[in-house]
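Okay, structure first, notes after.
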Amino acid sequence: WQFDPNGTVAVQTLALFALGVGMPFAVLSANAPLIQSWYAKSGGPSADDPYFLYGASNLGSLIALLAFPLAAEPLFGAGQIGMGWAFGFVALGLLLGTSGLLARKGAAKRATAPTTDKPTLKDYGFWLFLAFIPSSLMLAVTTTISTDLGSFPLIWVIPLSLFLLTFVLTFTNRTFISDALLNKLFVTSLGVFAIKLSGVIDGALTIATTGALVVAFFFVALKAHRLLYRARPGESNLTIFYVTMSVGGALGGLFNSLLAPSLFSDLRELHVTVVLAALLLLYRINKPTARQLTTTLIVAVVVIAPVAFDSLIAPLVGKDVRLVLVGVVPLAALFVLYQKRVGAFCAIILLMGLGILNQATPSLFKDRSFFWRHLVKDTAGIRRYQNGTTI
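Our numbering puts the sequence shown at residues -16 to 374.
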């Protein structure tokens, strides 16, 4: 294999990985739904609802993800790691074989009734939609962070670890956080992204803003995955559910890696995914009355006013007061008024719209490559080249 400098980097990378590790990766990835399907036929405890095993699967993935850089790499050499993995792979095969035999015995004893709860096209679309959002948002947040901090090794581990953790916390009947609190945090997290995209807090990311984006991603992913778990079908349709969910996650990756760079010169995929996530605020909502529309307008005004009038407020107050007004006040309003979902949705869309208007400045050149955005513009008699936020 040789790199073609005239070709698309992302496509060549995907082709290399597909040929190099595609088949074993696909086979290993199929184990999680396979074991759940076997367990559903085994007649064991909770066999009629084996989805909790997916949480266990992702917990294993999370432990492995963190164990390699924190334990395996510092303590063992490459040869020892490879040998240990080979033994583990053989042990996995033996355990899978044993599980299959046990499931076969259980299936022979267990009478299965015909099922009529076949998923509809609407179900498939909803599963795809819910799986797409966290996948795309995770990649967009990783790109946003690495633009300023540099794409140093393992920076992607934090968002990916939180992504896996949301599966662990949601694919279970034990709820560690109430729906009411999660809804508050979900709306507030969308507000964090909207304020970032409004352009009112401009410049390079700080540790505080980076942490806020990562935490906001966690709660948005947690909300989407909780809805995904609650939309699960009966155990007879378990396999198609996971296939659909995997396709939705893959579409999120393809959108961010292949489609967005060719369509946008800025990080617009973050805008798109936040809008899609905000649509969950309108999920199962009744047609608003005139009074509710008035409340919606009030909520939207309260949330966006500090940001919309920032240019007037900034010269009159200090830096800290301004940050409170444009950052804390809108988020506090969203947290308190989280039940006014239509108003919160409108406020989030308007905040991002303000950002697009503020960024609509004339430029001499704008492009996007594997190393993020390239921008050339004339400012105060100086021609300035900007890569990300680096001038």
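We treat Cβ as the ideally placed atom computed from N, Cα and C, and that holds for glycine. Since the structure is predicted, the reported quantities are computational estimates derived from the model, not experimental observations.
Using a C-beta cut-off of 8 Å, the segment -5 to 10 makes no contact with the segment 111 to 118, since fewer than three inter-stretch Cβ pairs fall below that distance. In the displayed model, V183 falls within coil according to three-state DSSP, outside both helix and strand. Less than 8 Å divides the Cβ of I18 from the Cβ of S82.
One thing to note: S40 has its Cβ within 8 Å of the Cβ of A15. In the displayed model, R87 falls within a helix according to three-state DSSP. With a cutoff of 8 Å on beta-carbon distance, D32 and E218 are scored as near each other. By the CB criterion at 8 Å, A214 and P117 fall outside the cutoff. Going by C-alpha positions, L264 is about 43 Å away from A363.
In this structure, L196 sits near V124, with a CB-CB distance shorter than 8 Å.
Comparing C-alpha distances from A233 to each of L148, S119, I296, D162 shows the shortest one belongs to S119.
The continuous beta strand (DSSP E) containing D361 extends over residues 355 to 362. Of the residues assessed, F201 falls on the buried side of the cut-off, its CB having 16 or more other CB atoms within 10 angstroms.
Between I138 and T193, the beta carbon gap of about 10 Å keeps them out of contact (Cβ cut-off 8 Å). Between the segment 236 to 247 and the segment -14 to -2 there are three or more inter-stretch CB-CB distances shorter than 8 Å, so the stretches are counted as touching. In this structure, DSSP gives D303 a helical state, which the three-state scheme calls helix.
Cβ contact annotation for R324 (same chain, cutoff 8 Å, sequence separation greater than five): V170, L264, L265, I268, in chain order.
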